[in-house]
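Enquirer: Numbering (my numbering), first residue to last: 113 to 280. After the structure tokens below, expect a handful of questions from me.
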């Protein structure tokens with residue numbers, strides 16, 4: 113990518129992050145963002161259709177390390193404990209590093225699990241895929257209901273449930 117494009121997109125992102133500290137996404141307008149980024153509106157529209165498109169692209173960029181991890185390390189039935197530990201850490205890290213891009217941690221968790229659903233290996237049986245989806249959906253709900261952190265007892269209970277789900 114051209115250095116000018118990289119520099120311009122960085123200016124747009126930095127301006128968005130600055131504005132986001134004081135305003136909800138709904139109150140950030142292209143005109144204000146362009147003023148903050150020191151660019152013309154036509155420059156903004158060269159890369160994004162609107163503020164929501166900008167947010168979507170920035171979120172995808174922020175979640176790319178998780179996508180790569182999931183693609184390089186497909187979740188297997190026997191690895192659900194590791195998956196839960198890894199995903200808990202990843203969600204916290206992504207959200208902490210990118211708070212202005214996500215409305216809340218729920219959105220980060222939801223997008224992470226959407227990524228997971230997209231990357232479930234095609235090499236597993238339909239039954240295994242259903243079990244994995246069921247287990248991940250349950251983990252999603254449990255993490256969400258417990259403010260994204262689980263104590264040791266909760267994790268142990270979750271692992272025991274996974275073992276039941278995957279027992280033949």
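The beta carbon of each residue, even a glycine, is placed where N, CA and C say it ideally should be.
#1: Mapping the DSSP letters down to three states, classify residue 265 as helix, strand or coil.
#2: Please report how far the alpha carbon of residue 272 lies from the alpha carbon of residue 265, in whole angstroms.
#3: Between the Cα of residue 147 and the Cα atoms of 227, 128, 134 and 268, which residue gives the shortest distance?
#4: Classify residue 118 as helix, strand or coil using the three-state DSSP reduction.
#5: Taking the alpha-carbon positions, what's the residue 267 to residue 153 distance?
#6: Are the region 162–169 and the region 234–249 in contact at 8 angstroms, needing three or more beta carbon pairs?
#7: What is the C-beta distance between residue 203 and residue 224, in whole angstroms, given that I count them as a contact (C-beta under 8 angstroms)?
#8: How close, in whole Å, do the beta carbons of residue 166 and residue 124 come, if the pair is a contact with beta carbons under 8 angstroms?
#9: Along the alpha helix (DSSP H) that carries residue 154, what are the first and last residues, could you check?
#10: Under the rule that 16 or more other beta-carbon atoms within 10 Å means buried, what is residue 252, buried or exposed?
#11: May I have the straight-line CA-CA distance separating residue 169 from residue 254, to the nearest angstrom?
#12: Can you list, in chain order, the residues of its chain whose CB lies under 7 angstroms from that of residue 130, leaving out five sequence neighbours each side?
#13: Judging by CA-CA distance, which residue of 249, 157, 207 and 269 is the nearest neighbour of residue 120?
#14: Out of 214, 213, 237 and 249, which one is the CA nearest neighbour of residue 229?
#15: What are the start and end residues of the alpha helix (DSSP H) that includes residue 244?
#16: Taking the Cβ atom as the reference point for each residue, do residue 206 and residue 178 lie within a distance shorter than 9 angstroms?
Expert: Once the coordinates are examined:
#1: helix
#2: 11 angstroms
#3: 128
#4: helix
#5: 49 angstroms
#6: no
#7: 5 angstroms
#8: 7 angstroms
#9: 153–159
#10: buried
#11: 28 angstroms
#12: 148
#13: 157
#14: 249
#15: 238–257
#16: yes
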